[in-house]
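Here is the structure we will look at.
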C-alpha cells in the first residue's frame with residue numbers, strides 16, 4: 005500500500021478560494037458571482053484584487069444563474085458560487101434552461117455539500133446534487149478530494165469550454181495530494197495499485213478509502229484505490245482496466261446511493277464487465293444535525309465501512 009501522509013488539514017472550499025485568487029490574477033475574463041455567502045466561499049482575496057469582476061447577487065440564486073448565462077454571451081467566464089443545496093435544488097430549472105440547454109460556459113461552484121456540512125442539518129445537507137447535475141446533457145461534474153486538488157480543479161475549469169458543476173465542502177480534511185498537480189478533467193487518478201478489490205472513491209471519501217486500504221493491507225488484502233474526481237465525463241477506461249485485475253468493486257461517495265458515483269460505475273460494469281459491486285453511500289435518506297464525524301459514522305461513510313464493503317465484494321467473486 006502506497007503511504008500517504010499530511011502535515012496539515014484544510015477545507016476544500018478554501019482550495020476553491022485559492023484557485024479563484026490565482027484566476028483573478030491570470031484570467032481577466034473570469035467573473036465571480038455570489039449569493040450573499042462571500043465568506044463561506046472564501047472569495048475575499050479575489051474580490052479585493054478584482055472588485056470590478058465581482059457581482060453580489062444577494063439571496064437570489066435564480067437571478068445569479070441568469071446573470072451568469074448572460075455574461076457568457078460577452079465572452080466572460082462566470083463562476084456562480086453558493087452552498088450546494090442552493091446551487092442545484094433551488095435553481096435547477098434555471099440551470100437546465102439557461103445554462104445546460106444552451107450550453108453556456110457557466111461554472112457552478114458549490115460549497116457545503118453532503119453530510120459533512122454538519123450541524124446545519126438535513127435541509128442544507130444536499131445528497132442528490134451529483135445525480136441532478138450529471139443528468140443534464142453537456143454538464144461536466146467534478147468532486148475533488150482535498151484542498152490542493154480543489155484549487156487545481158478550479159483553475160482547470162476556467163480553460164474548459166462548457167458548463168461545469170464543481171462540488172466541495174466545509175470540513176477540514178488532510179491535504180495529501182501534490183500542491184503543483186495538473187488537474188485533468190475526466191481522467192481518474194490512481195491512488196494505489198492493487199489486485200484484490202477496486203475501490204472507486206470521490207470527494208472527501210478518497211481519504212477514507214486510503215485509510216481503508218491500510219486496514220485491508222494489514223489483513224492481507226491488496227486494494228486498488230482510484231480517485232474518481234470527475235463524475236462526468238467518467239473515466240470508463242480506468243474503471244474497466246481496474247476490475248479486469250481485481251474482479252470486484254466498491255464505490256464510496258458522500259451522496260445518496262441513488263444517482264451518484266455508484267450508479268455511474270454500475271452502468272459501466274453492467275455494459276462491459278459484470279463484477280460484484282458494493283456501495284458505500286447514504287442509503288436513500290436525508291441527513292440530520294450532528295458533527296461531521298458523528299454523521300459519517302452513523303450513515304456508514306467511514307474507512308471501516310469501506311473495509312466491510314470490500315470484504316463483501318471479494319466474497320461475492
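In the working numbering, the protein residues as written are 5 to 321. For glycine and all other residues, C-beta sits at the position ideal for the given N, C-alpha and C. Since this is a predicted model, take the numbers as computed values, not measurements.
{"query": "Reduced DSSP secondary structure (H/G/I, E/B, other) of residue 151", "result": "helix"}
{"query": "For residue 2: DSSP bridge partner residues", "result": "The structure shown does not extend to residue 2, since the chain spans only 5 to 321, so no value can be given for it."}
{"query": "Where residue 15 falls, given that 16 or more other Cβ within 10 Å makes a residue buried", "result": "buried"}
{"query": "Where residue 18 sits in the DSSP three-state scheme", "result": "helix"}
{"query": "Close beta carbons around residue 94, own chain, < 8 Å, minus the five adjacent residues each side", "result": "65, 66"}
{"query": "Distance CB(residue 152)-CB(residue 195) smaller than 8 Å", "result": "no"}
{"query": "For residue 60, three-class secondary structure by DSSP", "result": "strand"}
{"query": "Contacting residues, own chain, Cβ-Cβ under 6 Å from residue 132 (five flanking each side not counted)", "result": "260"}
{"query": "Spatial neighbours of residue 21 in its chain, beta-carbon cut-off 8 Å, leaving aside the 5 residues before and after", "result": "45, 46, 47, 48, 49, 50"}
{"query": "Proximity below 8 Å, CB of residue 206 to CB of residue 232", "result": "yes"}
{"query": "Neighbourhood of residue 197 by C-beta, 7 Å cutoff - its chain only, sequence neighbours within 5 removed", "result": "228"}
{"query": "Under 8 Å between C-beta atoms of residue 84 and residue 72", "result": "yes"}
{"query": "Whole-Å CB distance - residue 108 paired with residue 170, under 8 Å assumed", "result": "Between residue 170 and residue 108 the Cβ distance is about 15 Å, and since that is not below 8 Å, they are no contact."}
{"query": "Per-residue burial, residue 90 [other beta carbons within 10 Å of its own, 16 or more giving buried]", "result": "buried"}
{"query": "Nearest-angstrom beta carbon gap, residue 208 and residue 120 [assumed within contact, 8 Å]", "result": "6 Å"}
{"query": "Residue 275 vs residue 247 beta-carbon contact at 8 Å", "result": "no"}
{"query": "Residue 310 vs residue 212 beta-carbon contact at 8 Å", "result": "yes"}
{"query": "DSSP three-state assignment for residue 367, whether helix, strand or coil", "result": "Only positions 5 to 321 of the chain appear in the structure, and residue 367 is not among them; the question remains open."}
{"query": "Residue 318 versus 300, 287, 298, 280, residue with shortest Cα-Cα distance", "result": "280"}
{"query": "In chain order, each alpha helix (DSSP H) run of at least 4 residues that lies wholly inside the stretch 28-57", "result": "48-53"}
{"query": "Assigned exposure category for residue 187 - 16 Cβ within 10 Å defines buried", "result": "buried"}
{"query": "Completely contained alpha helix (DSSP H) runs for the stretch 276-304, where each covers 4 or more residues", "result": "296-302"}
{"query": "Status (buried if at least 16 other CB within 10 Å, exposed otherwise) for residue 30", "result": "exposed"}
{"query": "Contacting residues, own chain, Cβ-Cβ under 8 Å from residue 272 (five flanking each side not counted)", "result": "238, 240, 243, 244"}
{"query": "Integer-rounded CB distance, given that residue 104 should sit under 8 Å from residue 70", "result": "Actually they are not in contact, since the Cβ atoms of residue 70 and residue 104 sit about 13 Å apart, beyond 8 Å."}
{"query": "Three-state secondary structure (DSSP) of residue 258", "result": "strand"}
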